[in-house]
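Residue numbers (the numbering used here), protein chains in the order written: chain C, 16 to 698; chain H, 16 to 698.
For reference, the structure discussed in these notes is given below.
Protein chains: 2
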Amino acid sequence: MAVPLRRRLPMLPLLLLAAGGLRAVERSSSAMEELATEKEAEESHRQDSVSLLTFILLLTLTILTIWLFKHRRVRFLHETGLAMIYGLIVGVILRYGTPSTSGHDKPFSCSQEDRPFTTLLVNVSGKFFEYTLKGEISPGKIHNVEQNDMLRKVTFDPEVFFNILLPPIIFHAGYSLKKRHFFRNLGSILAYAFLGTAVSCFIIGNLMYGVVKLMKLVGQLSDKFYYTDCLLFGAIISATDPVTVLAIFNELHADVDLYALLFGESVLNDAVAIVLSSSIVAYQPTGENTHAFDAAAFFKSVGVFLGIFSGSFMMGAVTGVVTALVTKFTKLHCFPLLETALFFLMSWSTFLLAEACGFTGVVAVLFCGITQAHYTYNNLSVESRSRTKQLFEVLHFLAENFIFSYMGLALFTFQKHIFSPVFIIGAFIAIFFGRAAHIYPLSFLLNLGRRHKISWNFQHMMMFSGLRGAMAFALAIRDTATYSHQMMFSTTLLIVFFTVWIVGGGTTPMLSWLNIRVGVDPDQDPPPTNDSFQVLQGDGPDSERRNRTKQESAWLFRLWYSFDHNYLKPILTHSGPPLTTTLPSWCGLVARCLTSPQVYDNQEQLREEDSDFILNDGDLTVTYGDTTITANGSSGPHTATTSLDGRRTKSSSEEALEHDVGAADHEVTSRGTRLVFPLEDNA
Amino acid sequence: MAVPLRRRLPMLPLLLLAAGGLRAVERSSSAMEELATEKEAEESHRQDSVSLLTFILLLTLTILTIWLFKHRRVRFLHETGLAMIYGLIVGVILRYGTPSTSGHDKPFSCSQEDRPFTTLLVNVSGKFFEYTLKGEISPGKIHNVEQNDMLRKVTFDPEVFFNILLPPIIFHAGYSLKKRHFFRNLGSILAYAFLGTAVSCFIIGNLMYGVVKLMKLVGQLSDKFYYTDCLLFGAIISATDPVTVLAIFNELHADVDLYALLFGESVLNDAVAIVLSSSIVAYQPTGENTHAFDAAAFFKSVGVFLGIFSGSFMMGAVTGVVTALVTKFTKLHCFPLLETALFFLMSWSTFLLAEACGFTGVVAVLFCGITQAHYTYNNLSVESRSRTKQLFEVLHFLAENFIFSYMGLALFTFQKHIFSPVFIIGAFIAIFFGRAAHIYPLSFLLNLGRRHKISWNFQHMMMFSGLRGAMAFALAIRDTATYSHQMMFSTTLLIVFFTVWIVGGGTTPMLSWLNIRVGVDPDQDPPPTNDSFQVLQGDGPDSERRNRTKQESAWLFRLWYSFDHNYLKPILTHSGPPLTTTLPSWCGLVARCLTSPQVYDNQEQLREEDSDFILNDGDLTVTYGDTTITANGSSGPHTATTSLDGRRTKSSSEEALEHDVGAADHEVTSRGTRLVFPLEDNA
């Protein structure tokens with residue numbers, strides 16, 4: 016397996032920067048070759064500008080058409096689908112409309128005995144020129160170096176996606192997470208994201224290995240295709256990106272819990288897929304030609320997965336916490352510009368820090384976004400809140416549409432496509448089964464523990480919403496050096512096209528066909544109608560076991576939630592109960608230093624402000640009170656009140672921490688900010 | 016004169032992107048050299064991340080310290096000065112604290128007979144590696160290739176400044192221009208920017224040539240230093256950047272006209288200096304060793320200057336106008352995100368378009384910013400207005416502080432410094448005389464034609480505010496290949512340090528020493544006290560000639576203003592008089608199509624909204640009415656009224672266009688939006 020250099024960067028800046036200036040410099044210098052090189056560089060620079068302009072034109076066109084679509088309430092085609100179509104059109108024009116110019120940078124070969132150097136000095140008629148290593152080229156591909164200039168110009172370095180375009184998309188996903196609904200469904204989301212992605216990866220990988228074996232039998236396969244390649248394909252294609260579906264959900268205000276499940280899954284999914292794919296690459300059995308199972312390598316891979324994931328998570332959380340502390344303990348909020356700049360820099364530094372430490376920047380950025388939204392957001396001034404949100408919204412929008420229009424373009428301009436009908440059909444079948452094999456069984460298992468069931472129509476919708484998008488593309492394009500990877504890339508591209516266009520376009524009909532309610536107020540909670548399935552099952556004989564499961568699964572979450580609410584929130588933000596009441600009395604001084612004076616003053620007001628970000632109990636109690644009522648089959652308002660009271664008594668008796676609080680606790684309780692655990696049972 | 020390749024880009028992405036991912040890939044691949052290259056690439060990537068982190072740390076520190084300073088109202092050190100100090104400290108640490116590692120990328124030499132290729136294929140023990148041309152290295156500098164790794168990592172490609180950092184700074188300058196005060200002083204600003212910069216460049220260039228001659232005599236000069244190099248230095252150092260002074264002006268609300276003069280000058284100044292420097296580079300007499308005056312080359316240079324400047328201006332204006340039209344004729348303002356994205360893309364495309372056409376992107380971006388602010392801004396939704404402003408404000412802030420902290424760093428990390436005490440002292444004297452030689456004579460000439468005089472203390476303040484900053488640095492670092500350019504770069508760096516720290520710190524004392532009023536409401540107009548000088552001179556014997564000059568100078572501006580107000584504004588925005596009233600009647604259909612219905616509906620309201628952006632006459636009449644009163648020595652309110660009426664009658668009789676308007680005109684007049692020329696005389 017050839018290991019390509021992953022850092023073929025020099026291509027990028029040409030496009031990214033479109034370097035220039037001092038354009039009109041027409042030197043009549045004596046040395047003719049100097050002039051020629053200068054001219055060539057200028058010409059190349061001009062082409063770079065033109066190719067970047069092409070993309071800007073594409074995006075502008077996309078924006079204008081999106082506006083038309085939104086204006087006329089057309090929902091069958093999402094902006095990303097549109098961006099791809101425009102990309103396709105421009106790709107066709109570039110491919111078949113531009114002449115193949117391959118004259119002036121004919122490669123020069125000179126033999127070296129040693130290993131390659133990163134820097135090369137070449138003596139050309141007395142002048143020294145510096146060359147930098149771009150990467151290895153497999154001997155068969157040498158002719159590819161002399162390809163169409165324009166096509167090469169519009170081909171980005173794959174690392175651009177990982178280092179420039181994905182971070183803002185992922186950060187925005189984390190930063191814009193609807194915290195309340197996300198945390199309410201946290202367990203299910205984690206299950207779908209971790210277990211689901213692993214299952215999907217494994218199933219797709221194995222099915223694809225079957226397909227590959229079949230292709231070998233039929234003679235459709237012309238080069239090597241290992242089992243690890245199949246697994247890698249499974250990991251790549253398991254990153255769902257239901258951007259189209261979510262946009263329509265947002266527009267139609269579809270069910271918030273389903274939205275939270277889908278969005279949360281897709282966000283964490285990306286992180287899991289990214290780390291999973293690197294773990295699979297790390298799964299390299301000792302020796303060159305053994306592609307069989309190797310226990311040591313397998314456990315190493317698992318270790319790598321856990322290591323990278325937890326490391327990246329820590330990095331993201333730590334930078335988020337540092338930002339929260341800085342914004343809390345300085346009066347930076349008087350200067351929104353400084354605050355926004357600091358926020359931006361700290362969030363970016365997460366990425367770099369993770370990369371510098373050998374973790375995955377994109378994953379770190381995701382958790383940084385979540386931490387920033389959970390803590391730092393509360394400390395920001397009102398202006399900075401909207402500034403940071405809008406800044407990342409614009410960056411996200413541009414980056415996402417750029418990736419999708421690039422995908423359209425890549426179908427025609429990418430020079431190493433390998434389309435194999437058998438593999439493509441096999442892949443479509445595999446992703447269908449892969450998605451089915453994790454949505455339905457996992458939902459069944461989760462429903463055993465969930466009070467608020469994931470109903471059948473929700474499950475069908477989740478099954479349907481398994482679109483592939485930016486992350487799958489970025490993972491697939493990252494390494495296209497070998498035959499197998501090229502085939503995987505071409506197939507991924509087609510899967511993205513198909514799912515975004517067909518599945519994306521079918522979302523609105525699907526929603527009405529599955530009877531999923533739309534026009535929901537996000538702050539309102541699901542009505543009993545959705546729980547019909549749950550009522551039927553909830554009264555069954557396994558309700559005893561169900562309760563126990565819930566109790567157990569809630570334990571960890573409860574611990575975290577109380578820790579967050581009693582310690583982290585008060586330390587990191589201006590909200591939450593004063594630390595002087597939650598910390599033991601011997602920490603008095605520290606508690607007074609860390610608690611912001613605002614906590615005492617405007618506790619009420621803050622609770623109002625970030626209702627979206629803290630699970631305040633009034634809200635939760637009503638939610639679960641509601642559900643309880645439904646499960647019990649009664650619906651009178653007095654029952655709800657009883658249920659509420661019962662819950663409150665129970666929780667306060669359970670929670671040991673509460674006893675330490677003392678007199679101050681009563682006041683807090685009466686104000687309604689005391690901690691109530693949403694997942695706990697009051698049967 | 017060696018011509019270096021201006022596109023040593025491969026350095027940049029390493030820093031900009033900090034490419035990465037799939038970090039934990041520890042391949043036990045068979046080929047050892049592959050592993051080594053991979054490891055090396057990873058190590059390099061890690062170093063890139065670390066060096067970018069260094070800059071982020073620097074900026075974060077700067078932000079926190081700025082906050083402290085602002086919090087405590089410390090004004091002697093501006094954020095940019097602070098960024099430089101932190102940069103200096105980190106530079107010292109990097110220079111003397113890191114070991115000099117120059118082992119692993121030892122350059123390899125192989126001789127080629129022909130001219131250099133852009134791509135090189137190297138055969139290393141059977142494997143092919145692709146290399147790309149990075150640039151030429153002069154034979155004496157070959158050892159520099161093997162320099163300290165860390166120092167090399169923190170050294171950016173000069174083109175980064177021109178292609179990434181300057182555009183947002185310059186665009187923001189154009190976009191945030193206080194239109195009313197800018198246009199009121201347009202003539203003076205243009206004079207200072209064009210004539211002033213040219214004079215300054217020429218004087219500094221000649222003085223420096225004297226210094227260079229002296230150095231040659233004393234034996235301080237070890238290499239060639241031509242007259243054109245001196246002129247180039249003059250152009251580089253003529254770009255003033257009073258960022259520190261303007262920040263203090265803003266904070267203290269110093270006199271708005273002085274602010275407009277300084278800000279306007281510095282903004283256009285940059286554009287002139289950039290184009291001037293490329294024209295000087297283009298001034299290359301035929302033959303290698305003739306550095307004497309060549310009339311043909313001189314006129315070619317002038318042609319190049321005019322060509323680039325007008326071309327870039329056109330590019331910027333055209334993209335601005337296109338954006339205005341798009342935002343006017345679509346209902347994009349219902350979707351602020353789309354609108355902001357479009358605005359951003361269109362503004363960026365100006366840069367690329369100009370570069371692709373061979374003009375100067377930075378200059379185009381400046382005029383695009385002004386056009387966007389003048390027209391497009393009026394069409395944007397309220398949310399997009401704040402979004403675009405804030406977006407570019409953040410980008411500007413980050414880019415500016417980054418450049419200044421990089422400057423601090425460069426003093427120690429740049430490897431080719433040449434500090435010549437004689438040259439440095441000579442340069443300081445030259446910039447002093449260069450500034451004095453354009454501020455005082457130009458002000459004298461302008462005062463002949465200005466009704467609202469530039470008083471002595473204003474002139475002293477302008478003289479004092481001749482700081483050098485980002486643009487001078489960017490121009491100087493662009494080409495540091497030869498001995499003369501290296502000396503110029505080092506000197507520029509010191510001049511920037513000195514002016515930002517000393518002059519910047521002295522702004523507040525200087526303001527009070529010069530009796531320049533602070534705490535001015537920007538919408539208010541200068542009180543008569545400032546016009547004491549004017550009153551004394553205005554009543555002199557040359558008042559007749561003065562009036563004629565004013566009349567003449569106003570002619571062009573009046574023409575433009577009436578064209579803008581009557582045609583451009585109504586076509587490009589939702590404000591201004593309806594086109595149906597300003598266009599001749601045979602254009603009725605076109606006029607109706609182009610006029611937005613809002614014009615008829617909420618003309619009043621719009622006038623209120625963008626009072627900062629259109630010169631509405633109520634405002635102007637009062638301003639100049641005021642001045643007139645002062646000049647006549649009387650101050651009764653009834654005189655003012657008479658003056659107002661007289662003006663209005665006069666202007667309406669003068670303006671031929673007004674006659675075409677017909678009945679609708681009367682209505683407009685009565686509403687108070689009719690055009691009144693501020694600069695015209697009613698004596």
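Note that beta-carbon positions come from the ideal geometry of N, C-alpha and C, so glycine has one too.
Since the structure is predicted, the reported quantities are computational estimates derived from the model, not experimental observations.
| Asked | Found |
| --- | --- |
| Taking any Cβ of chain C, which residues in the stretch 336-366 of chain H have a Cβ under 9 Å from it, in chain order? | Val-341, Thr-345, Lys-346, Leu-347, Cys-349, Phe-350, Pro-351, Leu-352, Leu-353, Glu-354, Thr-355, Ala-356, Leu-357, Phe-359, Leu-360, Met-361, Trp-363, Ser-364 and Phe-366 |
| In chain H, which residues lie with their C-beta within 7 Å of the C-beta of Glu-371 (chain C)? | Checking the sequence, you will find Ala at residue 371 (chain C) rather than Glu. Neighbours of Ala-371 (chain C) on chain H, chain order: Arg-61, Ser-64, Val-65 and Leu-68. |
| From Phe-217 (chain H) to Arg-607 (chain H), what distance separates their C-alpha atoms? | 52 Å |
| Counting only beta-carbon separations shorter than 8 Å, does Thr-636 (chain C) have a partner in chain H? | Confidence at Thr-636 (chain C) is low in this model, with a pLDDT of 33, below 50, so its placement is unreliable and no value can be given for it. |
| So if DSSP puts Arg-483 (chain H) in a beta bridge, which residue, or which two residues, is it bridged to? | H:Thr-255 |
| Among H:Phe-359, H:Gln-430 and H:Phe-197, which residue has its Cα nearest to the Cα of Ser-406 (chain C)? | The residue you asked about is not Ser; residue 406 (chain C) is Leu in the sequence shown. Nearest option by C-alpha distance: H:Phe-359. |
| Tell me where the alpha helix (DSSP H) around Cys-216 (chain H) begins and ends. | 212-233 |
| Using Cβ-Cβ distances below 9 Å, what residues of the stretch 503-520 of chain C are close to chain H? | none |
| Return the CA-CA distance between Pro-601 (chain H) and Asn-394 (chain H), expressed in angstroms with no decimal places. | A small fix is needed here, since residue 601 (chain H) is Trp in this sequence, not Pro. About 27 Å. |
| Drop a sphere of 10 angstroms on the beta-carbon of His-86 (chain H), count the other beta-carbons inside from all chains shown, and report buried for 16 or more, exposed for fewer. | exposed |
| Taking the alpha carbon of Ser-364 (chain C) as the point to measure from, which residue in C:Thr-113, C:Phe-186 and C:Tyr-101 has its own alpha carbon closest? | C:Phe-186 |
| Residues in the same chain with beta-carbon distance under 7 Å from Phe-209 (chain H), minus the five sequence neighbours each way, listed in chain order, please. | Val-287 |
| So is Thr-75 (chain H) in contact with chain C if we call contact Cβ pairs under 8 Å? | yes |
| Quick one: grab the DSSP three-state call for Gln-387 (chain C). | helix |
| At a Cβ threshold of 8 Å, is Lys-404 (chain C) touching chain H? | no |
| Which of helix, strand or coil does DSSP assign to Asn-200 (chain H)? | coil |
| Since Tyr-111 (chain C) is in the alpha helix (DSSP H), which residue starts that stretch and which ends it? | 94-112 |
| Taking just the CA atoms, how far does Asp-579 (chain H) sit from Leu-598 (chain H)? | 13 Å |
| At the level of alpha carbons, what is the spacing between Leu-353 (chain C) and Leu-410 (chain C)? | 19 Å |
| Find the nearest neighbour of Ser-505 (chain C) within the set C:Leu-103, C:Phe-443 and C:Ser-435, judged by alpha-carbon distance. | C:Ser-435 |
| Let me know the secondary structure DSSP gives Pro-599 (chain H) once reduced to three states. | coil |
| Would you call the stretch 494-501 of chain H in contact with the stretch 261-273 of chain H, where contact means no fewer than 3 C-beta pairs closer than 8 Å? | no |
| What in chain H is Cβ-close to Leu-368 (chain C), meaning under 7 Å? | Leu-68 |
| As a quick exercise: from C:Ala-371, C:Ser-59 and C:Ala-485, pick the residue whose alpha carbon is nearest that of Thr-514 (chain C). | C:Ala-485 |
| Please confirm if Glu-408 (chain H) has its CB atom under 8 Å from at least one CB of chain C. | yes |
| Is Arg-88 (chain C) buried or exposed, if buried means 16 or more other CB atoms sit within 10 Å of its CB? | exposed |
| Compare the Cα-Cα distances from Leu-424 (chain C) to each of C:Asp-238, C:Phe-91 and C:Thr-95 and report the closest residue. | C:Thr-95 |
| Report the rounded CA-to-CA distance for Met-476 (chain C) versus His-589 (chain C), giving the unit in angstroms. | 40 Å |
| Excluding five sequence neighbours on each side, which residues of the same chain lie with their C-beta closer than 6 Å to the C-beta of Gly-331 (chain C)? | Thr-365, Ala-379, Phe-382 and Cys-383 |
| Could you check if Lys-239 (chain C) is buried or exposed, using at least 16 other CB atoms within 10 Å of its CB as the buried criterion? | exposed |
| Are the C-beta atoms of Asp-412 (chain C) and some chain H residue less than 8 Å apart? | Residue identity check: residue 412 (chain C) is Phe in the sequence provided, not Asp. By this cut-off, Phe-412 (chain C) is an interface position. |
| Does any residue of chain H bring its CB to less than 8 Å from the CB of Ile-71 (chain C)? | yes |
| Taking the alpha helix (DSSP H) that Asp-579 (chain H) falls in, what are its first and last residues? | Element bounds for Asp-579 (chain H): n/a, residue is neither H nor E. |
| Can you name, in chain order, every residue of its own chain whose Cβ lies under 8 Å from the Cβ of Arg-400 (chain H), other than the five neighbours on each side? | Tyr-392 |
| Measure the alpha-carbon distance for Arg-466 (chain C) versus Ser-203 (chain C) and round it to whole angstroms. | 12 Å |
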